[in-house]
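Asks: If you read the sequences in order, they're chains G and W. Using my numbering, you'd call the opening residue of the first sequence number 33 and step up by one each time. Using my numbering, you'd call the opening residue of the second sequence number 22 and step up by one each time. Quick one: structure below, then a few questions.
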Amino acid sequence: MKIGKIEAVLLAAIIVCGTMAFAFPAMAGNTALQHAIVYATGAVLIKDQNHSDDVIGWTFTGVTGENVMDPVNSKGETQNTTADEPVATLVNTNPVAVRITLNAGTWNPKGIVTSQGYNISATDNSSSYGGSFATLNLGSETVTGVTIGANSYRGLYLNATLGSAIIRVGVSTFVVTCEV
Amino acid sequence: MSGNKIIIAIALLALIAVSAVSATSVNRNSLTVEGYPGDTIRVEIMLTGTLPDQTGHWEVTCKQVEGDSEEDIEKLNITSWITITPVEYRIKEGETKTFTVEIKIPKDAQPGLYGATSIDAGQPGHFDERRTYILFGDANTTAVIEGEGSVAYSGVRLPVIVSVLGKPNPLIPIIKAVQANIVSIALLAVVIVLLVVLLRRKK
């Protein structure tokens with residue numbers, strides 16, 4: 033069977049197209065192996081004064097109207113602003129810096145605490161007290177503006193002004209969130 | 022008299038407890054999505070437990086920033102667009118749980134950026150450009166059950182950035198299909214031409 037010029041050209045085109053379709057993946061002669069490591073974002077850890085063990089709570093003890101500045105954490109460590117000993121340390125285990133937001137919930141019973149404050153150490157890997165307490169917005173978020181560097185910690189100081197003592201024991205939630 | 026003072030002081034003594042635990046990890050640090058008015062966008066998020074037994078929940082929140090006008094806030098606060106399921110969770114060490122974030126763009130939304138002041142707000146360190154977040158927080162399960170509410174949570178905030186696009190081009194799906202199959206389409210065209218030529222020659 034004789035093949036004309038047109039058929040020959042078209043057959044060649046088919047061969048070229050087919051070859052291109054199947055050969056492109058194999059044309060990468062020089063390849064480089066790439067690695068990508070993506071870290072999950074972890075919540076900030078709440079630790080003791082030595083930023084080693086988990087802290088499971090802290091307690092403010094005082095009389096009506098008192099501004100309590102020496103809460104005791106669940107490990108029995110007492111906050112001491114003069115000695116730069118915080119009630120807890122916030123530990124960022126992420127490989128990037130995180131910004132901290134606090135949310136101190138309303139107290140139950142309402143009024144047992146009239147106000148609360150916080151102070152976070154000014155520099156990374158330090159527990160030093162920064163000199164004054166900033167106000168916490170009870171029942172809503174407080175954007176601290178504090179950023180903790182990668183794999184670093186900072187001291188967390190808290191105070192509370194106590195209100196009514198008709199019911200003597202009060203409870204509240206305290207939420208620490210971070211963003212990358 | 023002094024005895025009375027001591028009694029009053031003891032009566033007013035308040036014991037206030039707050040518990041704090043940590044921490045669970047999440048597989049992303051922001052949600053940057055785009056869609057057309059009326060679209061519903063679904064994104065899956067995974068949490069991994071790193072502590073023995075944690076109980077927590079998701080929230081949607083908007084950060085208030087001084088200087089944002091009411092007009093700005095309308096575009097920056099998109100909390101009403103977002104739902105997360107399930108909201109509550111319990112997670113154990115090494116366990117992974119998947120959650121679905123659903124973002125419903127209102128039909129009357131104008132094209133533009135929503136939830137943040139910059140399209141780059143989802144990138145690490147762009148804290149001040151973010152407004153709308155989803156966030157999770159969890160705490161030790163035993164503390165949650167037995168703590169009478171005296172439990173603190175730790176968690177992560179994920180900014181949500183939505184680009185609302187203009188009217189969709191009806192040809193976009195066709196263009197995408199052609200681009201994805203360009204070699205096959207060229208091959209098919211050549212075969213058709215060849216067949217036509219052969220048929221004409223036979224005649």
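Even for Gly, the Cβ is constructed at its ideal location relative to N, Cα and C.
Identify whether W:Lys-118 lies in helix, strand or coil by the three-state DSSP scheme.
Replies: Within the second sequence, the letter at position 97 stands for residue 118 of chain W. Secondary structure of W:Lys-118 (DSSP, three-state): strand.
Asks: Based on DSSP bridge pairs, tell me the residues matched to W:Arg-151.
Replies: Numbered from its first residue, the second sequence carries residue 151 of chain W at position 130. Looking at the DSSP assignment, W:Arg-151 forms a beta bridge with W:Ala-137.
Asks: For W:Trp-102, which residues from the same chain have a beta carbon less than 6 Å from its beta carbon, with the 5 sequence-adjacent residues on both sides left out?
Replies: As a working note, residue 102 of chain W is residue 81 in the second sequence. Contacts found: Ile-124, Lys-125.
Asks: Could you please give the first and the last residue of the uninterrupted beta strand (DSSP E) stretch that includes W:Pro-194?
Replies: Stepping through the second sequence from its first residue, residue 194 of chain W is reached at position 173. W:Pro-194 -> not in any beta strand (DSSP E); alpha helix (DSSP H) instead, spanning 193-201.
Asks: Compare the beta carbon distance of G:Val-87 and G:Ile-78 with 8 Å and say whether it is the shorter of the two.
Replies: The sequence position of residue 87 of chain G within the first sequence is 55, counting from 1. The sequence position of residue 78 of chain G within the first sequence is 46, counting from 1. Yes, they are a contact pair.
Asks: Out of curiosity, what's the CA-to-CA distance linking G:Asn-157 and G:Asp-80?
Replies: Indexing the first sequence from 1 puts residue 157 of chain G at position 125. Indexing the first sequence from 1 puts residue 80 of chain G at position 48. Whole-angstrom Cα-Cα distance: 13 Å.
Asks: In the DSSP output, what is G:Ile-180 paired with across the bridge?
Replies: Mapped onto the first sequence, residue 180 of chain G falls at position 148. According to DSSP, G:Ile-180 bridges with G:Val-130.
Asks: What is the DSSP secondary structure of W:Lys-125, counted as helix, strand or coil?
Replies: For the purposes of this step, residue 125 of chain W is taken as residue 104 along the second sequence, with counting starting at 1. The answer is strand: DSSP assigns W:Lys-125 an E or B state.
Asks: Opposite W:His-78 in the DSSP bridges: which residues?
Replies: The residue you call residue 78 of chain W lines up with position 57 of the second sequence. DSSP lists W:Glu-109, W:Gly-158 as the beta-bridge partner residues of W:His-78.
Asks: Buried or exposed: G:Thr-133, going by 16 or more other Cβ atoms within 10 Å of its Cβ?
Replies: Counted from its first residue, the first sequence places residue 133 of chain G at position 101. Label assigned to G:Thr-133: buried.
Asks: Exposed or buried, W:Glu-91, counting other C-beta atoms within 10 Å across all chains shown (16 or more means buried)?
Replies: For the purposes of this step, residue 91 of chain W is identified with residue 70 of the second sequence, where counting begins at 1. That one is exposed.
Asks: Assign G:Pro-118 to one of two classes, buried (16 or more other C-beta atoms within 10 Å of its C-beta) or exposed (fewer than that).
Replies: Along the first sequence, read from residue 1 onward, the residue named residue 118 of chain G stands at position 86. Result: buried.
Asks: Cβ of G:Ala-166 less than 8 Å from any chain W Cβ?
Replies: In the first sequence, counting from the first residue as 1, residue 166 of chain G sits at position 134. It does not; no Cβ of chain W falls within 8 Å.
Asks: Look at the alpha carbon of G:Ala-192 and the alpha carbon of W:Cys-83, and state the distance between them as a whole number of angstroms.
Replies: On the first sequence, residue 192 of chain G is found 160 positions in, with the first residue counted as 1. On the second sequence, residue 83 of chain W is found 62 positions in, with the first residue counted as 1. Going by the C-alpha atoms only, they are around 26 Å apart.
Asks: On a CA-only basis, which of W:Thr-53, W:Glu-95, W:Lys-113, W:Ile-94 is nearest W:Thr-76? Give me that one, please.
Replies: Locating residue 76 of chain W in the second sequence gives position 55, counting from the first residue. W:Thr-76 has its Cα closest to that of W:Lys-113, out of W:Thr-53, W:Glu-95, W:Lys-113, W:Ile-94.
Asks: Going by the beta-carbon positions, is the gap between W:Gly-143 and W:Pro-191 smaller than 8 Å?
Replies: Within the second sequence, the letter at position 122 stands for residue 143 of chain W. Within the second sequence, the letter at position 170 stands for residue 191 of chain W. No; because the gap between Cβ atoms is not below 8 Å, this pair is not in contact.
Asks: Can you pull the chain W residues whose beta carbon is under 9 Å from the beta carbon of G:Val-128, in chain order?
Replies: Residue 128 of chain G sits at position 96 when you count from the first residue of the first sequence. Those within 9 Å of G:Val-128 in chain W are Asn-50, Pro-145, Gly-146.
Asks: Since G:Ser-159 and G:Thr-121 are thought to touch, with beta carbons under 8 Å apart, how far apart are those beta carbons, to the nearest angstrom?
Replies: One-based indexing of the first sequence puts residue 159 of chain G at position 127. One-based indexing of the first sequence puts residue 121 of chain G at position 89. With a Cβ gap of about 6 Å, G:Ser-159 and G:Thr-121 count as contacting.
Asks: How would you list, in chain order, the residues of chain W whose beta-carbon sits under 8 Å from the beta-carbon of G:Glu-173?
Replies: Here residue 173 of chain G refers to the residue found at position 141 of the first sequence. Result: Thr-82, Lys-84.
Asks: When DSSP builds the beta bridges, which residues end up paired with G:Pro-141?
Replies: Translated into the one-based positions of the first sequence, residue 141 of chain G becomes position 109. DSSP, once it has assigned bridges, lists no residue as partnering G:Pro-141.
Asks: Reducing DSSP to helix, strand and coil, say where W:Gly-143 ends up.
Replies: By one-based count along the second sequence, residue 143 of chain W stands at place 122. Note: W:Gly-143 maps to helix in three-state DSSP.
Asks: Below 6 Å CB to CB, which residues in the same chain sit around G:Gly-94 once its five sequence neighbours on both sides are set aside?
Replies: Start at 1 with the first residue of the first sequence, and residue 94 of chain G comes out as number 62. Val-100, Leu-194, listed in sequence order.
Asks: In chain order, what residues of the same chain have a beta carbon less than 7 Å from the beta carbon of W:Leu-33, not counting five sequence neighbours either side?
Replies: Here the question's residue 33 of chain W lines up with position 12 in the second sequence. Its pLDDT being 39, under 50, W:Leu-33 is placed unreliably by the model, and the measurement read from it follows with that caveat. So the list is empty, once near-sequence residues are dropped.
Asks: Could you tell me whether the Cβ atoms of W:Ala-44 and G:Gly-74 are closer together than 8 Å?
Replies: Working through the second sequence from its first residue, we reach residue 44 of chain W at position 23. Working through the first sequence from its first residue, we reach residue 74 of chain G at position 42. Contact flag set, yes.
Asks: For the segment 214-222 of chain W against the segment 173-187 of chain W, are there 3 or more C-beta pairs whose distance is under 8 Å?
Replies: no
Asks: List the residues of chain W that G:Arg-131 touches, going by C-beta distances under 8 Å, in chain order.
Replies: Within the first sequence, numbered from 1, the residue matching residue 131 of chain G stands at position 99. Going along chain W in sequence order, the residues near G:Arg-131 (Cβ under 8 Å) are Phe-148.
Asks: Compare the C-beta of G:Ile-180 against all C-beta atoms of chain W and say whether one is closer than 8 Å.
Replies: Reading the first sequence from its first residue, position 148 is the one you call residue 180 of chain G. No, G:Ile-180 does not count as interfacial toward chain W.
Asks: Going by DSSP, what residue range makes up the beta strand (DSSP E) through W:Glu-65?
Replies: Taking the first residue of the second sequence as position 1, residue 65 of chain W is located at position 44. W:Glu-65: member of the beta strand (DSSP E) spanning 61-70, first to last residue.
Asks: Near G:Thr-138, which residues of its chain fall below 8 Å by C-beta distance, leaving aside the five closest residues on each side in sequence?
Replies: For the purposes of this step, residue 138 of chain G is identified with residue 106 of the first sequence, where counting begins at 1. Around G:Thr-138, the same chain offers Leu-170, Gly-171, Ser-204 as residues with beta carbons nearer than 8 Å, after the five sequence neighbours per side are excluded.
Asks: W:Leu-97 lies in the alpha helix (DSSP H); which residues open and close that run?
Replies: Within the second sequence, residue 97 of chain W is the residue found at index 76, counting from 1. Its alpha helix (DSSP H) spans residues 91-97.
Asks: Check each candidate in G:Glu-211, G:Thr-63, G:Ser-184 and name the one with the smallest Cα separation from G:Asn-82.
Replies: The sequence position of residue 82 of chain G within the first sequence is 50, counting from 1. Its Cα nearest to that of G:Asn-82, the residue G:Ser-184 stands out among G:Glu-211, G:Thr-63, G:Ser-184.
Asks: Taking the straight line between their C-alpha atoms, what separation do you get for G:Thr-179 and W:Ser-139?
Replies: Looking up residue 179 of chain G in the first sequence gives position 147. Looking up residue 139 of chain W in the second sequence gives position 118. If I take the Cα positions, the gap works out to 20 Å.
Asks: From the DSSP output, which residues share a beta bridge with G:Ile-152?
Replies: Along the first sequence, one-based indexing puts residue 152 of chain G at 120. G:Ile-152 pairs with G:Leu-188.
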